[in-house]
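Taking it in order: structure first as structure tokens, then the write-up.
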Amino acid sequence: MKKHISSSNLEAVLEDILLVDSLPSVEVYAATVTHKKRLSEVILRLNTVMPVPDLQHLKRINGLRILLCKACSFRTGEDAIADLAARGFDVTSLGSVEKVSVVDRLPTTRRQFEAAKNLWPVNFHEDKLVEKALSYRAGFCEEEVGGFEKWMEMALEAARRSTGYKMGCAIVDPKSGKVISVAGDRRGQHPLQHSPMVAMDLVAKSQGGSGAWETDQDYYLTGNDSPDAYLCTGYDAYLTHEPCVMCSMAFVHSRIKRVFYGVGSPDGALGTLTKLHTTPALNHHYEVYRGLLSDECLKL
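Each residue of the sequence shown is one higher than the last, beginning at 2 in the numbering used here.
See below:
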């Protein structure tokens with residue numbers, strides 16, 4: 002059997018902060034600890050007298066230098082030392098004070114961490130899912146991408162048959178490998194019948210709902226035997242084109258798990274105009290990947 006060779010340049014669509022290699026910096030005052038044996042004592046006392054709650058992502062000590070506070074808190078380093086003395090801190094344990102640059106937030110990727118630690122020691126807990134998403138083809142193996150392409154082919158076929166724009170959508174249960182619905186664009190019949198909206202409506206019908214629109218006989222619809230099925234929970238959506246804000250928000254309400262699309266759209270909400278799926282205020286978030294069979298999608 003001939004091994005499948007994928008042509009897709011799959012890429013995860015992530016929040017912007019994950020894509021930068023270096024983080025913004027802020028200046029702080031750091032002082033030299035004059036007696037190494039007193040280092041632990043100085044740290045404990047300083048944490049009590051001058052805590053830095055907005056710099057918890059940083060380690061307090063760097064060799065024999067200890068972080069005092071943000072530079073914006075005092076006009077000079079000497080003023081910071083004077084303030085410590087006024088609070089009863091034994092400043093004889095501190096030597097010269099200098100202004101240094103540090104990152105102003107916790108690194109979220111390995112690259113950010115590597116850059117941040119060159120300025121000042123920083124806390125970091127690697128998120129393996131994030132690192133996977135940032136890797137080549139979002140960390141998916143050839144076999145996985147081949148499976149994704151198979152489902153996208155169904156969306157492409159629906160797009161070719163569309164009576165409206167040449168766009169298609171397939172919704173799949175990745176656990177069972179079962180296609181739940183496939184739909185093309187029907188905006189010629191109704192302005193809201195974008196292919197994802199029609200596909201989600203078919204999912205509702207597959208679970209016993211009446212659906213909002215009449216089902217086109219050309220569109221694929223299969224029942225779901227699982228008693229636990231709820232809207233698109235746990236499902237993947239394959240779209241030839243990046244969805245608009247309406248469809249992207251509908252995926253939130255439908256509890257989709259992952260969205261794969263081929264090419265971007267001028268009004269796209271999952272990478273072009275915005276990245277709606279990364280909005281912190283939403284009560285559900287899903288993963289987004291683009292570039293799946295992009296060449297074929299561009300030909301529609």
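The beta carbon of each residue, even a glycine, is placed where N, CA and C say it ideally should be.
Length of the line joining the Cα atoms of residue i and residue j
i           : j           : result
residue 290 : residue 258 : 11 Å
residue 65  : residue 35  : 8 Å
residue 268 : residue 245 : 6 Å
residue 44  : residue 51  : 10 Å
residue 189 : residue 195 : 10 Å
residue 146 : residue 236 : 16 Å
residue 208 : residue 179 : 14 Å
residue 54  : residue 144 : 47 Å
residue 69  : residue 281 : 32 Å
residue 136 : residue 78  : 43 Å
Residue(s) in a DSSP beta bridge with residue i
i           : result
residue 26  : 104
residue 180 : 173
residue 32  : 67, 98
residue 239 : 171, 261
Under 8 Å between C-beta atoms of residue i and residue j
i           : j           : result
residue 242 : residue 262 : yes
residue 249 : residue 271 : yes
residue 60  : residue 122 : yes
residue 239 : residue 142 : no
residue 260 : residue 285 : no
residue 114 : residue 293 : no
residue 112 : residue 22  : yes
residue 11  : residue 139 : yes
Option in the options with minimal Cα separation from residue i
i           : options            : result
residue 234 : 125, 176, 191, 274 : 176
residue 94  : 136, 209, 137, 46  : 46
residue 192 : 247, 88, 229       : 247
residue 297 : 283, 274, 264      : 264
residue 204 : 194, 230, 195      : 230
residue 125 : 57, 280, 144       : 57
Residue i at chain D interface by Cβ criterion, 8 Å
i           : result
residue 256 : Checking the listed chains, one finds no chain D in this structure; it contains a single protein chain.
| Stretch-stretch touch, CB-based, cutoff 8 Å, three pairs: the region 101-113 with the region 27-36 | yes
| Touching or not, the region 127-139 and the region 150-169, by the rule of three or more beta carbon pairs under 8 Å? | no
| said: Taking 8 Å as the cut-off, does the region 160-179 touch the region 83-98 (at least 3 CB pairs, one atom from each stretch)? | reply: no
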